[in-house]
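A short worksheet on the structure shown next.
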Amino acid sequence: MTKLYEADLYGPIKDHFIKQGYRVNGEVHDCDLTAVKDGNLIIVELKLTLNIDLLLQATRRLRLTDLVYIAIPKPKKQSRKRWNDVEHLLKRLEVGLIIVTVTGNRKSIEFKLHPEPFTRVTNKNHRKKAALLKEIEGRSADYNIGGSNKRKIMTVYKENSIHIACYLKKLGQMSPKALVALGTGEKTPSILQKNYYKWFERVERGIYALTNEGIANLKEYPELVAYYTQKLEGKGE
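Residue numbering for the sequence shown follows full-length UniProt numbering, starting at 1 and increasing by one per position.
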């Protein structure tokens with residue numbers, strides 16, 4: 001396969017703008033490509049990969065004109081989620097994106113994004129924000145280390161499961177209704193029935209107990225066990 005260079009991206013983009021009536025020049029004051037028509041200036045920065053240097057370069061060009069594009073070869077492999085994130089970032093930066101496809105001697109371009117004003121207010125995801133705030137409010141304390149990706153993450157669901165497990169360990173077999181009355185939360189019946197962590201078992205209709213696996217797993221969360229044990233003892237005072 002023939003090695004690709006940044007200069008290989010220049011030709012098809014130049015041809016496109018010339019056909020649109022622009023005057024095109026390469027390497028003008030550190031700009032890879034400039035296209036001018038009726039007083040409108042377009043700047044295109046060329047790179048073989050989309051990286052932070054290219055984004056910094058593009059944002060510097062925004063000091064000169066609102067019409068800034070970055071151009072890269074068509075990625076060989078890219079997950080849909082990551083590509084959506086890339087497009088979202090470029091929209092926020094108000095930078096356009098040109099994809100250059102090279103097949104043998106044939107080169108074609110596709111304008112994936114045009115530089116347009118980004119409206120922050122209408123682009124907020126209120127549903128996800130509400131879910132995030134709900135998760136934050138549901139945690140009793142900060143049990144996770146930011147930046148960890150190989151450690152077990154404490155979620156509201158897991159903490160709720162630990163809460164239930166602590167009470168079952170301390171008080172023995174109980175019904176969901178009795179646990180809810182002690183403050184384990186409205187999701188208690190669902191957590192017990194789904195038994196996602198395999199910590200619980202139904203010993204008879206409407207009565208649950210803690211499994212050996214549940215007892216063993218509680219040892220991994222001493223802070224939470226101490227917190228909920230103290231909370232339960234406070235209810236008995």
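No residue lacks a Cβ here, since even glycine has one placed at the ideal position from N, Cα and C.
Nearest candidate by alpha-carbon position, reference residue i, set the options
{"i": "residue 11", "options": "35, 30 and 29", "result": "35"}
{"i": "residue 117", "options": "16, 62 and 178", "result": "62"}
{"i": "residue 227", "options": "190, 172 and 139", "result": "139"}
{"i": "residue 21", "options": "37, 28, 27 and 45", "result": "37"}
{"i": "residue 301", "options": "49, 48 and 44", "result": "Residue 301 lies beyond the range of the chain shown here (1 to 237); nothing can be said about it."}
{"i": "residue 221", "options": "205, 183 and 162", "result": "162"}
{"i": "residue 49", "options": "185, 15 and 98", "result": "98"}
{"i": "residue 156", "options": "133, 46 and 200", "result": "133"}
{"i": "residue 115", "options": "129, 95 and 107", "result": "95"}
{"i": "residue 9", "options": "51, 39, 46 and 119", "result": "46"}
{"i": "residue 29", "options": "5, 6, 64 and 51", "result": "64"}
{"i": "residue 136", "options": "119, 159 and 152", "result": "159"}
{"i": "residue 86", "options": "54, 176 and 180", "result": "54"}
{"i": "residue 187", "options": "71, 27, 164 and 219", "result": "164"}
{"i": "residue 204", "options": "234, 56, 176 and 31", "result": "176"}
Helix, strand or coil at residue i according to DSSP, with G and I counted as helix
{"i": "residue 207", "result": "strand"}
{"i": "residue 73", "result": "strand"}
{"i": "residue 40", "result": "strand"}
{"i": "residue 185", "result": "coil"}
{"i": "residue 65", "result": "coil"}
{"i": "residue 49", "result": "coil"}
{"i": "residue 107", "result": "strand"}
{"i": "residue 96", "result": "strand"}
{"i": "residue 273", "result": "The first residue shown for the chain is 1 and the last is 237, placing residue 273 beyond what the model contains."}
{"i": "residue 82", "result": "helix"}
{"i": "residue 217", "result": "helix"}
{"i": "residue 112", "result": "strand"}
{"i": "residue 242", "result": "Nothing about residue 242 can be read from this structure; the chain reaches only from 1 to 237."}
{"i": "residue 155", "result": "coil"}
{"i": "residue 201", "result": "strand"}
{"i": "residue 4", "result": "coil"}
Rounded separation between residue i and residue j - CA only
{"i": "residue 41", "j": "residue 127", "result": "39 Å"}
{"i": "residue 113", "j": "residue 91", "result": "8 Å"}
{"i": "residue 110", "j": "residue 195", "result": "50 Å"}
{"i": "residue 67", "j": "residue 15", "result": "18 Å"}
{"i": "residue 33", "j": "residue 23", "result": "10 Å"}
{"i": "residue 83", "j": "residue 200", "result": "41 Å"}
{"i": "residue 51", "j": "residue 89", "result": "12 Å"}
{"i": "residue 3", "j": "residue 78", "result": "20 Å"}
{"i": "residue 172", "j": "residue 131", "result": "33 Å"}
{"i": "residue 106", "j": "residue 190", "result": "59 Å"}
{"i": "residue 229", "j": "residue 129", "result": "32 Å"}
{"i": "residue 19", "j": "residue 81", "result": "34 Å"}
{"i": "residue 7", "j": "residue 60", "result": "21 Å"}
{"i": "residue 5", "j": "residue 39", "result": "31 Å"}
{"i": "residue 166", "j": "residue 125", "result": "36 Å"}
{"i": "residue 154", "j": "residue 120", "result": "31 Å"}
{"i": "residue 185", "j": "residue 192", "result": "12 Å"}
{"i": "residue 93", "j": "residue 70", "result": "11 Å"}
{"i": "residue 31", "j": "residue 13", "result": "14 Å"}
{"i": "residue 26", "j": "residue 104", "result": "24 Å"}
Integer-rounded CB distance, given that residue j should sit under 8 Å from residue i
{"i": "residue 279", "j": "residue 217", "result": "Any property of residue 279 remains undetermined from this structure, which presents the chain solely from 1 to 237."}
{"i": "residue 73", "j": "residue 102", "result": "6 Å"}
{"i": "residue 232", "j": "residue 170", "result": "6 Å"}
{"i": "residue 174", "j": "residue 207", "result": "7 Å"}
{"i": "residue 168", "j": "residue 209", "result": "6 Å"}
The ligand SAH heavy atom lying under 8 Å from the CB of residue i
{"i": "residue 85", "result": "In terms of ligand content, the structure shown is empty, and the ligand SAH therefore cannot be addressed."}
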